[in-house]
Each structure stands twice: as structure tokens, then as C-alpha cells.
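Mapping of the sequence shown onto our numbering: position 2 corresponds to residue 11, and the numbering continues sequentially without gaps. Data first, discussion second: the structure below is written as C-alpha cells.
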Amino acid sequence: MLARLAAAGAPPPEEVELLGGGSRMPAVQEAVREAFGGAAAPPLCSKLDDMALARGAALEAAGGLAGEADGAEHGALGAAELERFRAEEAAMARADAAARRVDDLRNDVEQRVLELRAAMRGEHGSLIDAGALTPVLDAAEEWLYSYEDESTTDPAALEAKVEELRAAEEEHCARYREARQEATRTADAALEADAAAAAAEREAAPEGDDDHDFRKLKASERIRMVEKNKAEGTELFRGGVYRQAAARYHKALTHAEKVFDASLNEQEQLATLKKSLWLNLAQAYLKLENWAQAQTYSNHVLEADADNVKALFRRGTALMRLNKREEATRDLRRAAELAPQDAAVQQLLGKLNAAAAKERKRERAMAAKMFA
């Protein structure tokens, strides 16, 4: 097909569209790349719908895309038509971008209204000038859902409404913001003091790093300590201090295990934090070349979320380093199915496939010698 396209004077393909569940399989993708030139193959994509690809296939079958050079008899697209279609595609892309912009702005207006209403009902909400703010929120909400009003989909009008809400918040919520900031400063200071006291206790204790923090803190306070240690661990990780980063992540998990009396929302927040911490620990242990620990913490994530691509990739990396190639390949193939465009997954899977091919070649050579 490529030869016929070239003979018809068509330019080289810029990308290759894939269709169907089977196209997510690494073996299928590899076969397509080989058909399109191997390492020089254009990127594989999945952006067009079924009808567009079906029409293209029908044109190809009829000789439409790779007919004779003049193209007129078989309906081939001439240069002018190709240029027109490209212009139409660019126009549709601009229209899509404009639509996304409108959606984002509408979401911004809606989110601001909902958050301000929730603030008036929450802690320190009495400090908000509700009498002045509520009519502004009511008017914004009524305008936003008035679909007959074409200005509700006009980016300029939406931006003006966002600015109006921001100005109203600035004017009517000043005392509320100050109270929230002061509460946050007080809570942070208390947490710092608690952490310092716990550190002093650990230093004084003969057991060294044993945990003696038996305080029955509120769930929200414990969760803040989890988040604080997690953030500190991430900063250490970014600085390349992987062992200390892992220690911080472990400390965050220790605080997470001490949460009690958590509300439903706090339980969900805690589950998300723990999954993130396990992922971070798996990555830290990969950096430390502690493959068994990297596998262990990836396992924790996958027990809660079997299709987590990051956990599959990190466990696959650890398993490869532990010479458990079949298990590693299974994890990486699943990751590739879930994230076919992930270059890191494809690269590592390629290394595993190459190693497996080399091993099979070596085994065949040994077998040939044995029966020679």
C-alpha cells in the first residue's frame, strides 16, 4: 500500500490510525510499525471514529487513495481536495478548542458559585456578607443555566462572569478569608509543635526510631500530618535523596494507620493518600535498587486497583530486575493495553521481548548441539 501511495504521488503518512480492541495489543502495534517502516514508522494514534476509518478503507479498496496518477477516474483525492480537507480539519480543531474553552469557563463559573455557597454554610461562614453575596450567586446561576441566552456560551461573557464572581468574593469574603488563613496557621503551628515533640521523644528514647506517638488526634489532624509528610517526602525525592524520601513516606503511612473515627469522605481521602504513598514508595525503592520492596508496594496498589498503570509498570520493572521475566511481561503487557501511547511502557516491554527472543535463540542453539 505504501508503494502504491508513493507511486500516486501521495506524501508519506504523518500518523497511522488504529481501530478496534485488538489494536491495543503490543504485538499488533509492533506488526503495524514494521509494516510502516519499523523505527521510521509514523506515530500510532486512535483519534478518528469508526465511520471515518470505514470510509477511508472503502476508498482504498476502490482504488480511491492509491489509484492512478491522475486520480480522476477512480475518485482519488487531488491536491486541491486534500488541501481543502486539511483546512476543514484545522477549522474543526479550532472549533473543538473553542468549545473546550467554553466548557472550562462554564465549569469555572459553576464551581465558584458552589464553593461560595458551601463556604457560607461551613466553618467561619458567618463572617461572609451573605446578604450581599447571595444575590450575586443567584444571578450568576440563573444566567449560567439560561440556555436561551446565547451569551452563556460566549467566552468573553463567561470570562466577565468569572471576574464578577472573583470581585464579589474579594469584596464580601475578606473577613472569612482572614479567619481561614489564621486557622490554617494555627493548625500548622500545632502540627509542627507535635512533630517536634515527637522527634524529641524519639531522640530521647533508647529504641531510636521506634514510634511512640500514641496520641488520639482527630482524623482531620492525622490526615494533615499524612499530607505534610508525603509532601516532604516528594521534595526529598525530587532532590535525589531517595532513602530519606522513603522514610518520610513510611512516616506518612504510620500516621495514616492511626486515623480513627474518620468520616466517609475522610476514609476516601485516606484511601487515595495511601495508594499514592505506596506508588511513591515503589518508585523510591526502584531508585534505591531494592527490587523486592518495589514489588511489595506495587502489590499494595494493585490489590486496591488492579488496572493501575503506574503500579503495573513499577512492578514489571522490579520483576524484570528480579529475573521474573514472565511475570514482568504479563504486567507490562497489561499496562500497554491500558496505556498504548505510554512510551516508557513500550520501551521496557520491547527490552523484555528482545531478551526473551535472545533466550529462545540460545535454547535452540543448545538443543541443536545436544542432538547433533
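Think of the CB as a built atom: it goes at the ideal place given N, C-alpha and C, for glycine as much as any other residue.
| Query | Result |
| --- | --- |
| Just tell me which of R33, E39 and Y294 has its CA closest to the CA of A363. | E39 |
| Are P51 and A345 touching if we call contact CB-CB under 8 Å? | no |
| Is E178 buried or exposed, if buried means 16 or more other CB atoms sit within 10 Å of its CB? | buried |
| Helix, strand or coil for E180, going by three-state DSSP, please let me know. | helix |
| State the Cα-Cα distance for the pair A61 and V310, rounded to the nearest angstrom. | 39 Å |
| Please list the terminal residues of the continuous alpha helix (DSSP H) segment that includes T162. | Premise fails: T162 is in no alpha helix (DSSP H) and is neither H nor E. |
| Let me know the secondary structure DSSP gives L74 once reduced to three states. | Confidence at L74 is low in this model, with a pLDDT of 48, below 50, so the placement of that residue should be treated as unreliable; the coordinate-derived value is given next. Of the three classes helix, strand and coil, the one that applies to L74 here is coil, per DSSP. |
| For D79, which residues in the same chain have their Cβ closer than 6 Å to its Cβ, ignoring the five residues on either side in sequence? | In this prediction, D79 has a pLDDT of 45, which is less than 50 and means its spatial position is unreliable; nothing more can be read from the coordinates. |
| How far does the alpha helix (DSSP H) with E23 in it extend, from its first residue to its last? | Taken as a continuous stretch (DSSP letters only), E23 belongs to no alpha helix (DSSP H), as it is neither H nor E. |
| Which runs of the alpha helix (DSSP H), 4 residues or longer, sit entirely within the segment 320-370? | 334-347 |
| With 16 as the cutoff for other CB atoms within 10 Å, does Q304 come out buried or exposed? | buried |
| Buried or exposed for T281, going by 16 or more other Cβ atoms inside 10 Å? | exposed |
| Please list, in chain order, all residues of the same chain as E23 whose beta carbon is under 7 Å from its beta carbon, the five residues on each side excluded. | P51 |
| I'd like to know if the segment 228-248 and the segment 256-263 are in contact, where contact means that at least 3 CB-CB pairs between them fall below 8 Å. | yes |
| Helix, strand or coil for L146? Go by DSSP, reduced to three states. | helix |
| Per DSSP, what kind of secondary structure is L245 in: helix, strand or coil? | helix |
| Alpha carbon to alpha carbon, how far is E159 from L361? Give it in angstroms, no decimals. | 56 Å |
| Using DSSP bridges, identify the partner residues of L53. | V25 |
| Between the alpha carbons of L273 and H133, how many angstroms are there, rounded? | 23 Å |
| Grab me the residues of A271's own chain with a C-beta within less than 7 Å of its C-beta, minus the 5 sequence neighbours each way, in chain order. | A228 and L279 |
| Going straight from the alpha carbon of R373 to that of K333, what length do you get? | 21 Å |
| Which term fits N238, buried or exposed, when burial requires 16 or more other beta carbons within 10 angstroms of its beta carbon? | buried |
| Need the endpoints of the alpha helix (DSSP H) that Y258 sits in, please. | Y251 to E266 |
| What residue from G359, A265 and A205 has the CA that sits closest to E230's CA? | A265 |
| Among S32, K367 and E26, which residue has its Cα nearest to the Cα of D58? | E26 |
| With DSSP as the reference, label Y185 as helix, strand or coil. | helix |
| Is the beta carbon of R115 sitting closer than 8 Å to the one on L153? | yes |
| Determine the direct distance from the alpha carbon of Q253 to that of E216, and round the result to whole angstroms. | Because the pLDDT at E216 is just 41, under 50, the model does not fix this residue reliably, and the point stays unresolved. |
| Closer than 6 Å by C-beta to E241: which residues in its own chain qualify, once you throw out the five before and the five after it? Chain order, please. | R257 |
| Give me the Cα-Cα distance between L53 and L286, rounded to the nearest whole angstrom. | 33 Å |
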